[in-house]
Ligand SMILES: Nc1ncnc2c1ncn2[C@@H]1O[C@H](COP(=O)(O)OP(=O)(O)O)[C@@H](O)[C@H]1O
Ligand SMILES: [Mg+2]
């Protein structure tokens, strides 16, 4: 599925009547079966953008078109082909791991036997066999992250939106989860839009890195990542990776400074 | 801080509360005996215990406690069913919330004991009166907590459910109501606390039933049987604590996830 974002602007009503322009005429085509990383300083509108793409929020202006590359003329309803993995996971704390994963199937009215069967298989594939009956609160951060991933994967939607999914994990767990995600991507070839503020992560995972400006979020530059797939962690040491990192670092540095200045100003005027 | 097992200070920390209780009782006993305080004012713990056993032996504790507990559970059940239902309806429908809000705002701060004269005029002094006064009192904290719990549902969970294909009805049944359960339970705890108070108070004030722990207390008080007053108070305190423990046990059985809520 292609995701075409055209001139999307998002204005949030801010405190004391001062509106916040989160996105300013953002346009980009996220091509089918590509892994796109959105890299930008905190507060630049990354979450806002993926939520608009997922049909969770409605843009103030502009539009998002989801199209199947085989039938370009047919625009698909927003949200029907995508699923979100949230920054704070949003697991349902009262549901067992199994019932968290089965949630989407349950909403479709699929029988308990079938949805549990499918959830069990998927949980086993992400290394959570034996934890079906646990509550999310009983799991470690990395395990919870896997539950969130499985809960999204079970719907087999062609577009996966991931909002800083590994941001809260410790370094080792993060590496394992990145490898897990790369495996999923190679196996399922979904269209992935992955939000991150970690340069290394963006380059390691993505086919392209979209560097965003500080708020209002616009595209600063799109860096194609031509590292071969399947990707592996050793590539971090390659020369190609190094030069991509330098380029992205240079671009993002300025924006982070601007963003920090904005935050300081916001604090001072409070 | 958890006391360390085995060490001397650990053992001391565990034993200290019991030792203090024993010391207080002992001090009380000696004070009464040495100073020859009249039992009308302050009976010795030993004679309170004697009275307590006698009251258990002749069945008056069992009977009156049974009657009081029945009234408590009846009043609580009425308050819980009506309070949770209205709270959920208010949370689901803005219309219901708008209509109910001014009534709750006006009636909640009213001390419910002030309704006793009116209720006695309307309902007489029988069982209905005691159940109604306790149910009315317990109803307010229950409805308010339920409504607050429903309104304060984590928006992230609602968005996630919608993203996973839940429709409006499914979101209400599968997300909003379960998410409100800790808050509903908090309301039920408050409700149980006031039900106990109001039932005992109603048994003391203007009840024609001549039964219940409240009646036992007031009767003993009127004839200056202070030992009986103390014995009844002890029974009430112990039973109250047991009821609250039972409620906490039910909470854990019904909603085990609340134990991990903060880590979510
Ligand atoms: N629902 C909302 N209501 C009001 N303001 C919002 C909302 N969501 C985001 N914002 C504001 O929009 C800006 C961009 O936020 P966000 O998209 O979360 O940034 P990022 O994910 O890049 O850190 C921030 O200033 C944030 O405070
Ligand atoms: Mg964000």
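Residue numbers (the working numbering), protein chains in the order written: chain C, 22 to 291; chain A, 1491 to 1754. Glycine included, C-beta positions come from ideal geometry on N, C-alpha and C.
In the DSSP assignment, find the unbroken alpha helix (DSSP H) run with residue i in it and report its ends.
| i | result |
| --- | --- |
| residue 1573 of chain A | 1550-1582 |
| residue 1748 of chain A | Residue 1748 of chain A -> no alpha helix (DSSP H), and no H or E assigned at all. |
| residue 1437 of chain A | Here chain A covers residues 1491 to 1754 and nothing more, so residue 1437 of chain A does not appear. |
| residue 245 of chain C | Where residue 245 of chain C is concerned, there is no enclosing alpha helix (DSSP H), although the beta strand (DSSP E) it sits in stretches over 240-245. |
| residue 207 of chain C | 192-209 |
| residue 56 of chain C | Note, residue 56 of chain C: premise wrong, no alpha helix (DSSP H); beta strand (DSSP E) at 56-60. |
| residue 272 of chain C | 260-289 |
| residue 1542 of chain A | 1535-1547 |
| residue 128 of chain C | 124-128 |
From the options, pick the residue whose C-alpha is nearest to that of residue i; which is it?
| i | options | result |
| --- | --- | --- |
| residue 1668 of chain A | A/1744, A/1608, A/1554 and A/1600 | A/1744 |
| residue 278 of chain C | C/248, C/250, C/228 and C/235 | C/235 |
| residue 1607 of chain A | A/1508, A/1712 and A/1692 | A/1692 |
| residue 93 of chain C | C/84, C/53, C/108 and C/47 | C/53 |
| residue 112 of chain C | C/125, C/41 and C/282 | C/125 |
| residue 170 of chain C | C/268, C/229, C/203 and C/266 | C/203 |
| residue 1556 of chain A | A/1720, A/1732, A/1703 and A/1643 | A/1703 |
| residue 1517 of chain A | A/1536, A/1499 and A/1506 | A/1536 |
| residue 154 of chain C | A/1746, A/1497, A/1499 and A/1498 | A/1746 |
| residue 246 of chain C | C/240, C/199 and C/256 | C/256 |
| residue 182 of chain C | C/73, C/34, C/104 and C/95 | C/104 |
| residue 172 of chain C | C/244, C/200 and C/143 | C/143 |
| residue 84 of chain C | C/184, C/99 and C/118 | C/99 |
| residue 1675 of chain A | A/1739, A/1538, A/1592 and A/1659 | A/1739 |
| residue 23 of chain C | C/32, C/95, C/72 and C/77 | C/95 |
| residue 88 of chain C | C/265, C/25 and C/69 | C/25 |
| residue 249 of chain C | C/168, C/130, C/49 and C/56 | C/56 |
Give a single yes or no on whether residue i has its beta carbon closer than 6 angstroms to a heavy atom of ligand 1.
| i | result |
| --- | --- |
| residue 65 of chain C | yes |
| residue 1612 of chain A | no |
| residue 41 of chain C | yes |
| residue 33 of chain C | yes |
If you reduce the DSSP assignment to three classes, tell me which class residue i lands in.
| i | result |
| --- | --- |
| residue 1505 of chain A | helix |
| residue 158 of chain C | helix |
| residue 1754 of chain A | Note that residue 1754 of chain A scores 43 on pLDDT, short of 50, meaning its location in the model is unreliable and no value can be drawn from it. |
| residue 93 of chain C | strand |
| residue 105 of chain C | strand |
| residue 1695 of chain A | coil |
| residue 1658 of chain A | helix |
| residue 1714 of chain A | coil |
| residue 134 of chain C | helix |
| residue 1615 of chain A | coil |
| residue 1674 of chain A | helix |
| residue 73 of chain C | helix |
| residue 1685 of chain A | helix |
| residue 237 of chain C | coil |
| residue 182 of chain C | strand |
| residue 79 of chain C | coil |
| residue 213 of chain C | strand |
| residue 1631 of chain A | helix |
| residue 147 of chain C | coil |
| residue 168 of chain C | helix |
| residue 1526 of chain A | coil |
| residue 175 of chain C | coil |
| residue 1737 of chain A | helix |
| residue 1497 of chain A | coil |
| residue 189 of chain C | coil |
| residue 1705 of chain A | helix |
Measuring from the CB of residue i, is there a heavy atom of ligand 2 at a distance below 6 angstroms?
| i | result |
| --- | --- |
| residue 68 of chain C | yes |
Just reading off the beta strand (DSSP E) that residue i is part of, what are its end residues?
| i | result |
| --- | --- |
| residue 218 of chain C | Residue 218 of chain C -> no beta strand (DSSP E), and no H or E assigned at all. |
| residue 33 of chain C | 23-33 |
| residue 87 of chain C | 82-89 |
| residue 231 of chain C | 229-233 |
| residue 43 of chain C | 41-51 |
| residue 110 of chain C | Neither: residue 110 of chain C is in no beta strand (DSSP E) and is coded neither H nor E. |
Any heavy atom of ligand 4 closer than 6 angstroms to the beta-carbon of residue i?
| i | result |
| --- | --- |
| residue 1583 of chain A | For ligand 4, the structure offers nothing, since it holds only ligand 1 and ligand 2. |
*What are the residues of the segment 1654-1686 of chain A that lie near chain C, defined by any Cβ-Cβ distance shorter than 9 angstroms?*
1654, 1655, 1656, 1657, 1660, 1664, 1665, 1668, 1669 and 1671
*Would you list, in chain order, the members of the segment 56-78 of chain C that have their beta-carbon closer than 7 angstroms to a beta-carbon of chain A?*
75 and 77
*Output, in sequence order along the chain, the residues in the segment 36-54 of chain C whose CB is closer than 9 angstroms to any CB in chain A.*
none
_chain C contacts from the segment 1618-1646 of chain A (Cβ-Cβ distance under 9 angstroms)_ = 1644 and 1646
*Quick one: which residues of the segment 1524-1545 of chain A get their C-beta closer than 7 angstroms to a C-beta of chain C? List them in chain order.*
none
*Listed from N- to C-terminal order along the chain, which residues in the segment 204-238 of chain C have their beta-carbon within a distance smaller than 9 angstroms of any beta-carbon of chain A?*
none
_Against chain A, which members of the segment 250-281 of chain C pass a CB distance test of less than 9 angstroms?_
none
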